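Residues in the sequence shown are numbered from 93 upward in steps of one, following this note's numbering.
No residue lacks a Cβ here, since even glycine has one placed at the ideal position from N, Cα and C.
Nothing here was measured: the structure is a model prediction, and the numbers come from that model.
This report concerns only the one structure given below.
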Amino acid sequence: MPPRLSLQGISKPFSGSSHLSNPLTIVKREPCKVDIRAGSFEARQRRRHDPFLMAQSRQRKAANISRQQALFEERQAALGDPVKSEPTPFIQQIDAIQSGNIPPQTVGSANVSTWNHFIKADEFDSALEYSKTLTEPLPPQDANIADPHAHAQQIQRHEQAHQNALEAMKRIVQLSSGNTADRTRVNIEACIETFGRHNTDKVLPPKPAAVTTTEHPEKTPRAGPDTGSPEVQVAILTTKIMNLSRHLQTTNKDRHNKRNLRVLVHKRQKLLQYLRRKERGGPRWQNLMTSLGLSDAAWKGEISM
Numbered sequence: 093m094p095p096r097l098s099l100q101g102i103s104k105p106f107s108g109s110s111h112l113s114n115p116l117t118i119v120k121r122e123p124c125k126v127d128i129r130a131g132s133f134e135a136r137q138r139r140r141h142d143p144f145l146m147a148q149s150r151q152r153k154a155a156n157i158s159r160q161q162a163l164f165e166e167r168q169a170a171l172g173d174p175v176k177s178e179p180t181p182f183i184q185q186i187d188a189i190q191s192g193n194i195p196p197q198t199v200g201s202a203n204v205s206t207w208n209h210f211i212k213a214d215e216f217d218s219a220l221e222y223s224k225t226l227t228e229p230l231p232p233q234d235a236n237i238a239d240p241h242a243h244a245q246q247i248q249r250h251e252q253a254h255q256n257a258l259e260a261m262k263r264i265v266q267l268s269s270g271n272t273a274d275r276t277r278v279n280i281e282a283c284i285e286t287f288g289r290h291n292t293d294k295v296l297p298p299k300p301a302a303v304t305t306t307e308h309p310e311k312t313p314r315a316g317p318d319t320g321s322p323e324v325q326v327a328i329l330t331t332k333i334m335n336l337s338r339h340l341q342t343t344n345k346d347r348h349n350k351r352n353l354r355v356l357v358h359k360r361q362k363l364l365q366y367l368r369r370k371e372r373g374g375p376r377w378q379n380l381m382t383s384l385g386l387s388d389a390a391w392k393g394e395i396s397m
C-alpha cells in the first residue's frame, strides 16, 4: 500500500497562509498618501517632529497676534476715550473753574461762572454802587463859609475806602477762594444755562419728524430753568467725571472713588444712548457731543475701566 502524502504542507506556499511572520515578505496593501491635509493628525505629527515647520508655525502665530493687537489699538484710537473729553471751549472753562486757575481779568465780569455765593455780576456792581452812594460825604450846606480843601479830602478818603471795600468784596466772592463744592455748584449752573432747553429751544432747530400717524397731546409749557432734560444731566455728569478723574490721577488707591467714576460713566452712557435714540442724531445731539467733546466711546459698546 503506497504511503499517504499530506497536502497541507504543499498548499501553504501557494495559498499564502503561512504562519511564519517574515517582515521582508509582507507587502502593505494600503495606498500611499501623497497629499496630507493641513489640520489632520498626520500633519500635526509631521510638524511636531520637523523643526523647520514648527518654526514656521510659530512665526505665523506671532505675526497674527501682532496684527490683531495693531488692529485693536487702531479701533480703540478711532473710537476714543470713554472718560476724557476733547478740550472744547466749554470743557476748558469747566476745567479752569474746577482747578481754580481762573484768570484775574474774569473776576468782576458778567460771566456767572466766575462768582461764588450765588452772586451775579450785575447784582454785585449795583450793590457796591448803592453802598458808595450811601457812604458818600454830604456837600456843605453853606459853600461860602465851608472849606473846599477839607471837602475834597473827604471825597478822596471816601473814594479810597470804596476801592478797598471793592477789592475786599472781590476777594470774598471770587471762586479761587472757595472750595471744590462751590466750584462744582457753579459748573452745574453753567451746564444748566448752556444746555437747558429754556435757552436752546430758541437757538437749535427741532429734531427730524418721525413717520407716524399718532397725534400726541400738546406739552405743558416749561416753567423756570430746565434741569431735568437728558443733555443737562449728561453735562452735569461730565463735570463730575472730570472732577473725579482729576482726583484719581494723583490717588491710585482710592477704590471707592474709582467705583463712583465707573458708576457715573455708565450712567452717562445710558443717558447718551437714550438721547441719541430719541433725538435721532438731530441738532440737539450734535450740539451736546460737540460742546462736551465726547467721542463715540462714551456711548457705544461695553465700557470697561
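Exposure label - residue i; buried when at least 16 CB within 10 Å
| i | result |
| --- | --- |
| Q233 | exposed |
| Q184 | exposed |
| T286 | buried |
| T382 | exposed |
| S177 | buried |
| T276 | buried |
| Q160 | exposed |
| I189 | buried |
| Q361 | buried |
| A390 | buried |
| V303 | exposed |
| S109 | Since pLDDT at S109 reaches only 47, below the 50 mark, its modelled position is unreliable, and no value is offered. |
| Q255 | exposed |
For residue j and residue i, the rounded distance between their alpha carbons
| i | j | result |
| --- | --- | --- |
| F210 | I237 | 48 Å |
| H241 | S218 | 30 Å |
| R138 | A162 | 32 Å |
| Q341 | A315 | 41 Å |
| D187 | N291 | 23 Å |
| N230 | H243 | Sequence inspection shows Leu at residue 230; the Asn mentioned does not correspond to that position. So the two alpha carbons sit approximately 9 Å from each other. |
| I395 | D388 | 11 Å |
| L386 | K262 | 35 Å |
| E166 | F216 | 52 Å |
| G192 | A282 | 16 Å |
| P143 | A169 | 39 Å |
| S223 | R249 | 15 Å |
| A147 | E134 | 18 Å |
| S269 | L258 | 16 Å |
| L145 | F164 | 29 Å |
| F182 | Q246 | 47 Å |
| A253 | A235 | 25 Å |
| K54 | R136 | Residue 54 lies beyond the stretch modelled for the chain, which goes from 93 to 397, so this question has no answer here. |
| S158 | S149 | 14 Å |
| E251 | K311 | 55 Å |
| A273 | D239 | 53 Å |
| N271 | V265 | 12 Å |
| T306 | A213 | 47 Å |
| A155 | I284 | 52 Å |
| K359 | G374 | 21 Å |
| D173 | Q151 | 33 Å |
| H141 | S132 | 15 Å |
| V326 | T225 | 45 Å |
Distance CB(residue i)-CB(residue j) smaller than 8 Å
| i | j | result |
| --- | --- | --- |
| N279 | T206 | no |
| I328 | V175 | no |
| L356 | L336 | yes |
| T227 | L384 | no |
| K392 | L220 | no |
| H339 | N349 | yes |
| R372 | P313 | no |
| P70 | G288 | Because residue 70 is not part of the residues shown, which for the chain are 93 to 397, the question remains open. |
| M397 | R347 | no |
| N208 | L267 | yes |
Residue i - partner residues in DSSP beta bridges
| i | result |
| --- | --- |
| W207 | Q266 |
Can you find at least 3 beta carbon pairs, one from the stretch 357–370 and one from the stretch 320–328, that sit closer than 8 Å? yes
Three or more C-beta pairs closer than 8 Å, one from the stretch 295–305 and one from the stretch 371–379: is that the case here? yes
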